[in-house]
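According to mature numbering (1 follows the signal peptide of the UniProt record, and there is no 0), the residues represented by the sequence shown are -22 to -1, 1 to 135, in order. All C-beta atoms, glycine included, are put in the ideal place defined by N, C-alpha and C. As the structure is a computational prediction, the values presented were derived from the model and not from experiment.
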Amino acid sequence: MKACLASAAGLLLSLVAAGASAQSTASQSTAACPQLPAGSGLRWEQSGTAALVICKALDDGGQQAFGVMLTTKEPDKPAGAREEKTEIDGRKARWYHTRIANRPDAQNRMAVIELGDERWAQLWIDAPSEAALQATMATVRNLRFDPASMADANPRR
């Protein structure tokens, strides 16, 4: 009986440790993504590699509000598609209008900002309406890019 209890206690401790490790890994897995504004109701889903990180801002229903690509190569900007000037995390940027062939009525924008130390962020929004576009652009303006976490993700350093 004692051996059974000791074995069960050991199993329970292993499960707790594994859960804590998984939770720690989940927290770290979005470390390269910018900080979302407080109260945004969004969470990050991150994928990619050290040289190319994709961060998708998802709402409570799992729908993507916008995305951020962090890269060590400067992304291309659409020629002649300039729309609005903006600032994102205090950095000057310009929104470019993009089109999606099967969604001609969608409100789409893309911006590129230089983060320094050979790092860039490309941000994109695919909004269903002008009101949703404006609300999402306001959220994106308040993102905070942490130079330390992005430096950690830069394999060239």
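Can you tell me which of the three DSSP states residue i falls into?
i: L111; result: helix
i: S7; result: Bear in mind that a pLDDT of 40 at S7, under 50, signals an unreliable position, so the number given afterwards is only what the model happens to contain. If DSSP states are grouped into helix, strand and coil, S7 belongs with the helices.
i: A84; result: coil
i: R77; result: coil
i: A99; result: strand
Residue i: buried (16+ other C-beta within 10 angstroms of its C-beta) or exposed?
i: M115; result: buried
i: P106; result: exposed
i: V118; result: buried
i: R97; result: buried
i: V31; result: buried
i: K63; result: exposed
i: Q85; result: buried
i: A57; result: exposed
Of the choices the options, whose alpha-carbon is the least far from that of residue i?
i: R69; options: A29, A110, A99, D83; result: A99
i: L36; options: T27, G26, W22; result: W22
i: R122; options: L48, A71, P106, I66; result: I66
i: D95; options: F44, T49, G39, G40; result: T49
i: G39; options: R60, G19, A110; result: G19
i: G45; options: L101, L111, A113, E108; result: L101
i: E61; options: M47, R77, K51, E52; result: R77
i: L47; options: R81, A84, I91; result: Looking at the sequence shown, residue 47 is not Leu but Met. Closest option to M47, Cα to Cα, is I91.
i: N80; options: A43, D104, P53; result: D104
i: G26; options: A113, A10, A16; result: A10
i: A89; options: K55, D124, A16; result: K55
i: C33; options: P53, G17, A16, P12; result: P12
Would you list the one or two residues that DSSP bridges to residue i?
i: V90; result: Q100
i: T122; result: Reading the sequence as shown, one finds Arg at residue 122 and not Thr. Partner(s): Q13.
i: A71; result: T64
i: A116; result: DSSP lists no partner for A116.
In chain order, each beta strand (DSSP E) run of at least 3 residues that lies wholly inside the region 20 to 63: Runs found: 21 to 26, 30 to 36, 42 to 49.
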